[in-house]
Amino acid sequence: MVSEAGSTPAGGRPRVAIVTCAEIPLLEADDQLVLPALAALGVDASPVVWDDPAADWSAYDLVVLRSPWDYAQRHDEFLAWAAGVPRLVNPVGTVAWNTDKRYLAELAAAGLPVTPTTFLAPGDTWTPPSGDGEYVIKPAVSAGSRDTGRYGPGDAAQAVAHVRRLQAAGRITMIQPYLPAVDSYGETALLFFADPETGRLAYSHAIRKGPMLTGPDEGLETLYKPEEITPRVPTAAERAVGEAVVATLPTGLVYARVDLIPDERGNPLLIELELTEPSVFMLHDEGSAARLAAAICWAI
């Protein structure tokens, strides 16, 4: 699924493309932090829009995916682009696997603590769950909480309409229970960057993400929903789950993000494993930009 990392080119300063999308061509403030960190290590890095027809990807020693957040509506086109980019990280095999959240079923089958998830094909029938619990509906290929909604017992008609809307568009739909702990404890995101000494993913830092879903999907005009982010020291249990998830991954990855929410007993459950274009929240950890820059340099 993942190609091996390359070696540092001989002579001159390496050139690195930091991949973004047309809506944020100069990168967000968080991702901009890696540019001076790379410069300090002797690397010339610049943002490049992934679907810019003028971009010459062969001119770069490494192409790093960071914020191509419009890919979900153009998934096939994005994967075809990624397959044609030399020296892409994370690699195209990882991108193809990780941009379809059906990977969660594979991780659950491997014994990892994954939030229970039901996947619906476009032709499948579905009946909203009975009982008092809430649940989340979203497409299996998605980013930025677009096309995502939170539903309860009184929202059956809206939930069915949401599923049918996704199915009519030919999209795989996923249903997950809404974990109440997200409203109080929040979501924990653990960031891992490649260790430049070993090449293996190593823990960097963590953040807390506050609740974002307030009700049924009403559409989203922006690229992503705003997030409430604060630094967090993960619990021992969260670190253990994060390390267990990362241990299943092949070599050659520059970054990974493991998103966890506690179940009703307080046990961390995996919500998402982000290996393609995760926010890494460098604004919330002083040394993280230098660690990401070192990981990128390792991959050159």
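Heads up: the sequence shown is residues 915 to 1214, going by the working numbering.
We put the beta carbon where it would ideally sit given N, CA and C, even for glycine.
Start-to-end residues for the beta strand (DSSP E) that takes in residue 1210: Premise fails: residue 1210 lies in the alpha helix (DSSP H), 1202 to 1213, not in any beta strand (DSSP E).
Host beta strand (DSSP E) of residue 1198 (start-end): Here residue 1198 belongs to no beta strand (DSSP E), and DSSP marks it neither H nor E.
Local Cβ density within 10 Å of residue 1170, reported as buried at 16 or more and exposed below that: buried
Residue 1041 CB to nearest heavy atom of the ligand NAP below 7 Å: Looking at this structure, you won't find the ligand NAP or any other ligand, since it has none at all.
Outcome for residue 1182 when other beta-carbon atoms lying within 10 angstroms are tallied against a minimum of 16: buried
Within 8 Å, strictly: CB atoms of residue 929 and residue 973: yes
Under 8 Å between C-beta atoms of residue 1107 and residue 955: Not in contact: residue 1107 and residue 955 (Cβ atoms no closer than 8 Å).
Distance CB(residue 977)-CB(residue 1002) smaller than 8 Å: yes
Paired residues, beta bridge with residue 1174 - DSSP: 1102 and 1184
Cβ-based neighbour list, residue 1018, same chain, cut-off 6 Å, excluding 5 preceding and 5 following: 1028 and 1031
Assigned exposure category for residue 1060 - 16 Cβ within 10 Å defines buried: buried
N-terminal and C-terminal residue of the beta strand (DSSP E) that residue 958 is part of: 958 to 963
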